[in-house]
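Residue numbers (UniProt numbering): 1 to 471. Heads up, the beta-carbon is just placed ideally off N, CA and C, and yes, glycines get one too. Everything numeric in this text was worked out from a predicted model, so none of it was measured. Report on one structure; see the data block that follows.
Written out as structure tokens, the structure reads:
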């Protein structure tokens with residue numbers, strides 16, 4: 001028998017529901033009988049994102065039912081295999097648990113089933129609201145090639161990275177010729193991939209064939225399709241994304257940009273907003289393109305339109321759309337004073353964004369930065385670390401820290417880090433009136449945060465802030 005465990009956000013003062021209360025909470029729409037559009041939400045996820053959604057549900061008086069399982073249960077049920085699959089990917093089971101719990105909505109968080117069109121379809125078939133975009137939207141955007149084909153057909157003005165629009169699996173295509181037409185260096189990545197995984201830079205013709213021979217089997221194993229795309233690799237670039245939110249009434253709004261350029265192996269580590277690389281005009285131009293893409297798709301709920309920004313030319317190119325809540329959404333919340341999870345719930349319940357006055361004139365206040373903490377050892381080439389956390393103590397170096405510092409985590413002293421799940425264990429978010437002060441505060445928070453028992457990157461992550469003065 002499958003047991004469901006009750007979890008709740010850690011009781012640290014920097015990770016509690018009242019921390020969200022100063023931001024605008026979108027009120028839930030009600031029906032003609034005065035009943036709220038959502039009353040019980042199953043959270044089909046774990047860790048920090050489950051805690052994050054719980055906090056907003058509490059503030060809106062929504063009952064939350066976390067779908068949380070221990071590693072021991074997963075192993076006993078035979079649900080973890082060598083590919084890392086587990087019950088969080090079992091769509092049929094998640095829907096059954098939601099029905100058993102009496103949930104009228106499912107929030108998928110990020111990862112797992114969050115961008116699975118078949119799962120969204122199954123949720124709606126069970127007469128449960130899926131707190132995310134439509135299945136058809138996810139199908140269009142789930143494959144990078146189909147997403148770009150959609151934009152080419154419906155809005156040729158959207159800037160796309162020069163690349164190959166065909167299939168790398170087509171034996172009749174001369175890939176050497178294609179690569180030369182694009183121009184080296186090129187980026188080779190899985191068409192169905194995401195999250196910065198399984199990407200390769202090919203610098204010359206000699207590397208192309210070996211790159212394809214490695215990339216295609218990996219793409220098949222990890223994403224279910226061996227198809228790869230070839231794109232021009234922009235060497236001096238910044239990774240900029242625009243947060244959008246759409247509703248079922250045809251409205252799409254931009255909540256501003258995030259700069260996610262500090263990465264390791266194409267995995268984001270540090271994010272900031274606003275981006276120091278964008279002028280006001282370029283920022284508006286990118287936001288307009290993102291909103292236009294959302295309108296073309298009749299986009300509903302939260303999404304992120306990602307771009308590559310060429311530092312040398314100040315040109316930007318469409319990369320992809322992430323059809324879910326992003327890991328780094330808190331920094332947007334801090335500079336806009338909007339609770340994005342509440343907007344997701346509002347839209348899923350049928351709300352009209354035009355009726356929310358704070359969205360009609362969104363301010364961008366201060367500067368915010370996020371640093372992801374991973375259970376990995378920088379001294380061993382960032383090898384994943386696991387085991388018992390003997391001490392977890394977030395920094396509280398000043399009585400005013402809780403006004404400008406926010407921790408998002410699902411761990412505490414006594415938690416056990418498993419090899420079967422993502423190595424990200426916490427996020428630190430800092431916001432201050434200016435860039436220099438925020439970066440200096442982040443450096444101090446990282447220095448005074450303690451995690452004993454497993455290796456983490458929190459001391460290593462101080463390096464980008466090493467030139468900042470401590471407040």
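query, result
"First through last residue of the beta strand (DSSP E) which encompasses residue 233", "Neither: residue 233 is in no beta strand (DSSP E) and is coded neither H nor E."
"Where the beta strand (DSSP E) through residue 409 begins and ends", "405-409"
"Assigned secondary structure, residue 80 (DSSP; H/G/I helix, E/B strand, else coil)", "Low local confidence applies: a pLDDT of 46 at residue 80 is under 50, so the model's placement there is unreliable, with the coordinate-based value given in what follows. Coil at residue 80, not helix or strand."
"Residue range of the unbroken beta strand (DSSP E) whose run includes residue 270", "267-273"
"Where residue 149 falls, given that 16 or more other Cβ within 10 Å makes a residue buried", "exposed"
"Simplified DSSP assignment, three categories, for residue 390", "coil"
"Unbroken stretches of the beta strand (DSSP E), 3 residues or longer, contained in the stretch 445-469", "450-452"
"Buried/exposed call for residue 213, threshold 16 Cβ in 10 Å", "exposed"
"Stretch-stretch touch, CB-based, cutoff 8 Å, three pairs: the stretch 157-165 with the stretch 307-325", "yes"
"As assigned by DSSP and simplified to three states, the class of residue 329", "helix"
"Spatially closest choice to residue 241 from 387, 221, 288, 215, by CA coordinates", "288"
"Buried versus exposed, by CB contacts within 10 Å (16 or more), residue 423", "buried"
"First and last residue of the uninterrupted beta strand (DSSP E) at residue 322", "316-322"
"Separation of residue 427 from residue 268, as counted between CA atoms", "12 Å"
"Minimum length 4: unbroken alpha helix (DSSP H) runs contained in the stretch 335-378", "340-348"
"Reduced DSSP category for residue 67 - H, G, I as helix; E, B as strand; rest coil", "coil"
"Cβ-Cβ distance between residue 175 and residue 209 below 9 Å", "yes"
"According to DSSP, residues forming a beta bridge with residue 36", "30"
"Host alpha helix (DSSP H) of residue 294 (start-end)", "280-296"
"Contact set for residue 415: own chain, Cβ-Cβ below 6 Å, skip 5 residues either direction", "389"
"Limits of the alpha helix (DSSP H) - the one that residue 182 falls within", "175-182"
"Close-in-space but distant-in-sequence residues of the same chain around residue 23 (CB under 7 Å, 5 per side omitted)", "333, 337, 338, 339"
"Where residue 222 falls: helix, strand or coil (DSSP)", "helix"
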